[in-house]
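See below for the structure under consideration.
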């Protein structure tokens, strides 16, 4: 008998942090807003959270130009930051 992997029957909840919860009053959601609601997500029976990309374009350009991105040694991930 094969035991199913957790993700085959698990509940995965996708969160777009920018619109999920704002804790600073800026009008834009943030990671603190996500972490403050982890207990709620647990009560819902969520097994995993899928965070959509939340890095700002300006930050991404900074990362790209400072050459922090390097090839990964893991076959499943092409790039690591």
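In full-length UniProt numbering, the protein residues as written are 1 to 81. Note that beta-carbon positions come from the ideal geometry of N, C-alpha and C, so glycine has one too.
Beta-bridge annotation (DSSP): residue 13 is paired with 49. DSSP places residue 39 within a helical segment (H, G or I) once states are collapsed to three. In this structure, the beta-carbon distance from residue 16 to residue 41 does not fall below 8 Å. When the Cα atoms are used, residue 21 and residue 7 turn out to be separated by approximately 26 Å.
Residue 46 is positioned such that its CB atom lies closer than 8 Å to that of residue 11.
Pairing residue 24 with residue 36 gives a Cβ-Cβ distance that is not under 8 Å.
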